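Q: Read in order, the letters of the sequence shown are residues 18 to 243 in the working numbering.
No residue lacks a Cβ here, since even glycine has one placed at the ideal position from N, Cα and C.
All of these numbers come straight from a predicted model, not from anything done at the bench.
Have a look at this one.
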Amino acid sequence: GQVRIPSRGTTPDPPPEPERLFEDMGSRRLVVEQEVPFDCEVSVVVARGVDGAVADHGVMENVHVGGILDTTVTPAHVPPEVAGEAKRLAARLAEHLDVVGVLCVEMFVVGTDLVVNEMAPRPHNSGHCTIEAAPASQFEQQLRAVCGLPLGDGACRPAAMVQLLGGLWAGGEPAWERALADPGVHLHLYGKRGARPGRKMGHITCVDSTLELALKRAVEARDRLR
Numbered sequence: 018g019q020v021r022i023p024s025r026g027t028t029p030d031p032p033p034e035p036e037r038l039f040e041d042m043g044s045r046r047l048v049v050e051q052e053v054p055f056d057c058e059v060s061v062v063v064a065r066g067v068d069g070a071v072a073d074h075g076v077m078e079n080v081h082v083g084g085i086l087d088t089t090v091t092p093a094h095v096p097p098e099v100a101g102e103a104k105r106l107a108a109r110l111a112e113h114l115d116v117v118g119v120l121c122v123e124m125f126v127v128g129t130d131l132v133v134n135e136m137a138p139r140p141h142n143s144g145h146c147t148i149e150a151a152p153a154s155q156f157e158q159q160l161r162a163v164c165g166l167p168l169g170d171g172a173c174r175p176a177a178m179v180q181l182l183g184g185l186w187a188g189g190e191p192a193w194e195r196a197l198a199d200p201g202v203h204l205h206l207y208g209k210r211g212a213r214p215g216r217k218m219g220h221i222t223c224v225d226s227t228l229e230l231a232l233k234r235a236v237e238a239r240d241r242l243r
C-alpha cells in the first residue's frame, strides 16, 4: 500500500511518525519518496526494435482522479522543448534498458524539468488512443518489434481517451447506444466480469482536428452513460 505523509503544519492533525508507520505496515522494507509538486503528468510510449530502431507516439498528457487514470489527450499541453526532451528521454531509457518491444515512460512536468515517475515495459493504458489516432498503434508496434519487423508510423492525430470505470454499471449495463450516437466515438470494453467502483472496464476514444474537440466529444459520450 501507499501512505501520504503531509508536511508539518499543512493539516490540522500532526503527520504520522515514520517509526509508527513502519510498525503498522509490518516492519517490512519501505520506499520513501519525496512528494513532487508537478504541473502535469505526461507519458511517452516508445517502441524499440531488435535492430535498435526507435519510434514513439508523441507526448500524451494524463489526468488522474482519485489516483486512477481518467483522461489522456495527445498532443500534451507542454512547450515544444519539453515535449522534445520527453521523447529523447524515453528513447534513451529504452536503449539503456535494451528494450525490445514497447516501453511507456510516465513523467512529471515541473516547470521545464522532467521527473520520471513510472516505467512500464508493455503497452499502457495511456497509449490506448493510438489504436485510432496512429497508423501503427502501440499494440502493432509491440508485435513488429518482437517479431523483428520494421517499426510502423506512430505519429498520432489529435485524440482523447476517457476511462470507463465500474461505477457506470451501478444501475446495470450502460446504454451504449447513447455514447455511440456520435459516429466518431470508439468504444472499447475489456470483457471483465464483476464491475465495481474504480475498476477499469473499458474506454472511449475520439479523434478530431484538435485535442480540445476530441476531449469534448469523448467526455460528452461518457456523460451520456451516467
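(1) Give me the DSSP bridge partner(s) of Thr-222.
(2) Three or more beta-carbon pairs under 8 angstroms between the region 169-177 and the region 121-128, yes or no?
(3) Since Val-95 is in the alpha helix (DSSP H), which residue starts that stretch and which ends it?
(4) What number of angstroms, rounded off, separates the C-alpha of Ser-154 from the C-alpha of Thr-147?
(5) What residues are listed by DSSP as bridge partners for Leu-86?
(6) Thinking C-alpha only, which one of Leu-181, Glu-34, Leu-232, Val-67 is nearest Ala-111?
(7) Which residues bound the beta strand (DSSP E) around Val-126?
(8) Name the two residues that bound the continuous beta strand (DSSP E) containing Arg-65.
(9) How many Å lie between His-203 and Asp-130 at the Cα?
(10) Write down the C-beta distance between Ala-64 and Gln-159 rounded to the nearest angstrom, noting that I regard them as a contact closer than 8 angstroms.
(11) Which residues mark the beginning and the end of the alpha helix (DSSP H) in which Glu-135 is found?
(12) Near Ala-231, which residues of its chain fall below 8 angstroms by C-beta distance, leaving aside the five closest residues on each side in sequence?
(13) Considering only the alpha carbon of each residue, which of Glu-190, Ile-221, Ser-143 lies closest to Leu-197?
(14) Are Lys-104 and Asp-56 closer than 8 angstroms when you measure CB to CB?
(15) With DSSP run on the structure shown, which of helix, strand or coil describes Asp-41?
(16) With 8 angstroms as the threshold, decide whether the Cβ of Gly-66 is near any Cβ in chain D.
(17) Closest to Leu-166 by CA distance: which of Glu-157, Ala-172, Cys-173 is it?
(18) Thinking just about the alpha-carbon of each residue, which of Gly-169, Cys-164, Ala-235 is nearest to the one in Arg-195?
(19) Sort Gly-184, Ala-93, Arg-210, Tyr-207 by Cα distance to Leu-242 and report the nearest one.
(20) Along the chain, where does the alpha helix (DSSP H) that runs through Thr-147 open and close?
A: This is what the structure holds:
(1) In the DSSP output, where bridge partners are listed per residue, Thr-222 has Met-178, His-203.
(2) no
(3) Counting along the chain, Val-95 falls outside any alpha helix (DSSP H), and DSSP gives it neither H nor E.
(4) 5 angstroms
(5) His-81
(6) Val-67
(7) Going by DSSP, Val-126 is part of the beta strand (DSSP E) stretching over 118-127.
(8) 57-65
(9) Rounded to the nearest angstrom, the two C-alpha atoms are 34 angstroms apart.
(10) 7 angstroms
(11) First-last for Glu-135: 130-137, but that is the beta strand (DSSP E), not the alpha helix (DSSP H).
(12) Val-90, Pro-175, Ala-176, Ala-177, Cys-223, Val-224, Asp-225
(13) Nearest option by C-alpha distance: Ile-221.
(14) no
(15) helix
(16) Protein chain content of the structure displayed is limited to a single chain, and chain D is not contained in it.
(17) Glu-157
(18) Cα-wise, what sits closest to Arg-195 is Ala-235.
(19) For the residues Gly-184, Ala-93, Arg-210, Tyr-207, the minimum Cα distance to Leu-242 belongs to Gly-184.
(20) 147-150
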